[in-house]
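First up is the structure itself, then whatever we jot down about it.
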Amino acid sequence: MYLLLNLNFIDYYFYEETLNIILASSFVLITANIILFSVQLCIDSRYERKNMFYFLFLSWYPLFYWMINAITNVFALPKALRRKKGVYATWKSPDRGSKTR
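Be aware that the sequence shown starts at 1, since it is given in UniProt numbering, and climbs by one per residue.
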C-alpha cells in the first residue's frame, strides 16, 4: 500500500521509455499514411477535382481504422471462443423468395 501511495504518475522519467516507443511508432504510421495517401490523391486528382479536401483527414484515418478494428476484435473474440468445436462458420442467408416452393 505504501508503494502505491508514493508512486508519482506525473513523473516524466517514469513514462519516458513507453512514451518514446508510442510516439515513434505513431509518427512512423502517420508519416507513411500521409505519403501513401498524398501520392494516391495526386494520381487520382485528374479524375476527381475535390480530392484535395481529403488532405485534412489523412492523419486521422489510421486512428479511426485501428479503433474500429480493436472494438470489432473485443466483441468478436468471445463469440469465436464460445463457438462449437469442429463446426464451420458458415453464413446462413435468409430466404428472399429465390427458392421455389
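All C-beta atoms in this analysis are idealised placements derived from N, C-alpha and C, irrespective of residue type, glycine included.
In this text, all values refer to a predicted model and were calculated from it rather than measured experimentally.
Q. Sorted by chain position, which residues of the same chain lie with C-beta nearer than 8 angstroms to G86's C-beta, five sequence neighbours on each side aside?
A. So no residue of the chain qualifies.
Q. Hey, how far is the Cα of S93 from the Cα of N73?
A. 23 angstroms
Q | Three-state class that DSSP yields for S45 in the structure shown | A | coil
(Q) Under 8 angstroms, with one C-beta from each stretch per pair, do the stretch 19-38 and the stretch 49-68 reach the 3-pair mark? (A) Output reads yes: the stretch 49-68 touches the stretch 19-38.
Q: Go ahead and pull the three-state DSSP assignment for A89.
A: coil
Q. CB-CB under 8 angstroms to N33, same chain, minus the five flanking residues each way: which ones, in chain order?
A. L58, S59, Y61, P62
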